[in-house]
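One structure below.
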Ligand SMILES: *Cc1c(COP(=O)(O)O)cnc(C)c1O
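In this note's numbering, the protein residues as written are 27 to 402.
Shown next as structure tokens:
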């Protein structure tokens, strides 16, 4: 028998309609460069959305934004950077690009993000053994804000800058303020699987214009002000292209719809699976508003998680275990870590369900029907 079950993806691009017009505009006006009207308009739209007079530098990826961001915060060879362990590897790879050393901090159970108490423990330990860490990378994982107030208070207490990895959290807010705006520097991603996409892209955002100006300078090969090409800094080719920014402009027009749809997916799963005692969801505490980039479930055990994942796969439905903590990754497992088992347990028991804003009701029903069949 031929398998005719249509594939359901975890999170696929979802165009709004006007993206192609902006891309055509770039062609019609011959702005096919890593600067131009679409880049300016895209940055303006992001800044309007984030509020708080935040400045925006559109870049080629979220990873590039983290790389430049750490440099702007003064991270150099041999420095230590505290990084949330429960995240995608791109949060920490730029630490390695700079020859700095990651120190991993585990998550707490309320938001699945950086534990304030373990952060404090890590800082106190590193001050004694090595010196004050150069920066903190805190992540709003899966769109859920981290405990902003607690983390920022500790960071201020020890005068350590925060780089906020908001790659998964565009459209999320904490106490009604946009995620990405709490740290010294915030990072966004417009990769293909994120809540909105430019097919590939990212942004560095900050209330401090000196940071975004410097990011744009470094991202465009660090040319000094001279009639010839003169360089007194190592530069990068990290600026976003005007063609891709056209996609971003169109996507910004539908961002809130995308957040609403993804939150709708989460509610659907929560309601349909409510009768299954084995399934847990991550709740929003007061003041926390998640874009629900990915809808995640927690099961009682690795075995049950795998049974669900494989049953979905059998139905041609893509799902994905929660992020493997970085302190357990082969490339990072030799580095210092301050952990209590929280992210390890989330990793072994958790699963991301299909979460695209373009899923139909029948797609969502196929997912929940399949999970129910496994557990009933
Ligand atoms: C996607 C992602 C990044 C990297 O963004 P790219 O645009 O893909 O380079 C960084 N951190 C987290 C948490 C991400 O999910």
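For every residue, glycine included, the Cβ atom is placed at its ideal position computed from N, Cα and C. On a predicted model such as this, the values are computed, not experimentally measured, just so you know.
*Cβ of residue 248 within 8 Å of Cβ of residue 230?*
Along the chain shown, read from residue 1 onward, the residue named residue 248 stands at position 222. Along the chain shown, read from residue 1 onward, the residue named residue 230 stands at position 204. No. Outside cutoff.
*asked:* Any heavy atom of ligand 1 closer than 7 Å to the beta-carbon of residue 137?
replied: Residue mapping note: residue 137 aligns to position 111 of the chain shown, counting from 1. Every heavy atom of ligand 1 is 7 Å or more from the Cβ of residue 137, so no.
*DSSP three-state call for residue 163: helix, strand or coil?*
The residue you call residue 163 lines up with position 137 of the chain shown. Residue state, collapsed to three classes: strand.
*Nearest residue (CA-CA) to residue 364, options 140, 326, 166*: Within the chain shown, residue 364 is the residue found at index 338, counting from 1. Looking at the Cα atoms, 140 is the closest of the given residues.
*With a 10 Å radius around its C-beta and 16 neighbouring C-beta atoms as the bar for buried, classify residue 235 as buried or exposed.*
Here residue 235 refers to the residue found at position 209 when the chain shown is read from its first residue. The residue in question, residue 235, is exposed, as its Cβ has fewer than 16 Cβ neighbours within 10 Å.
_By the DSSP assignment, the beta strand (DSSP E) with residue 82 in it spans what residues?_
The residue you call residue 82 lines up with position 56 of the chain shown. In the DSSP annotation of this structure, the continuous segment of the beta strand (DSSP E) that includes residue 82 starts and ends at 81 to 85.
*asked:* Quick check on the DSSP output: the beta strand (DSSP E) that includes residue 228 runs from which residue to which?
replied: Here residue 228 refers to the residue found at position 202 when the chain shown is read from its first residue. Element bounds for residue 228: 228 to 232.
*Exposure label - residue 128; buried when at least 16 CB within 10 Å*: Counting from 1 along the chain shown, the entry for residue 128 is found at position 102. Answer is buried; the Cβ neighbour count reaches 16.
*Contact test: residue 197 Cβ vs ligand 1 heavy atom, cutoff 7 Å*: Locating residue 197 in the chain shown gives position 171, where the first residue counts as 1. Ligand 1 never approaches residue 197 closely enough for any of its heavy atoms to be under 7 Å from the residue's Cβ.
*Does any heavy atom of ligand 1 sit closer than 7 Å to the C-beta of residue 194?*
Residue 194 sits at position 168 when you count from the first residue of the chain shown. Yes, since a heavy atom of ligand 1 falls inside the 7 Å radius drawn around the Cβ of residue 194.
*Can you check DSSP and say which residues form a bridge with residue 263?*
As a position in the chain shown, residue 263 is number 237, starting the count at 1. Note: residue 263 sits in a beta bridge opposite 246.
*Return yes when the Cβ of residue 108 is within less than 8 Å of the Cβ of residue 410, no when it is not.*
For the chain, the structure presents residues 27 to 402; residue 410 sits outside this window and is missing.
*Residue interval of the beta strand (DSSP E) (run including residue 413)*: Since the first and last residues shown for the chain are 27 and 402, residue 413 lies out of range.
_residue 215 and residue 88 closer than 8 Å at C-beta_ = Here residue 215 corresponds to residue number 189 of the chain shown, with the count starting at 1. Here residue 88 corresponds to residue number 62 of the chain shown, with the count starting at 1. Contact flag set, yes.
*Under a three-way DSSP split, which group does residue 113 fall into?*
Mapped onto the chain shown, residue 113 falls at position 87. Here DSSP, grouped into helix, strand and coil, assigns residue 113 to coil.
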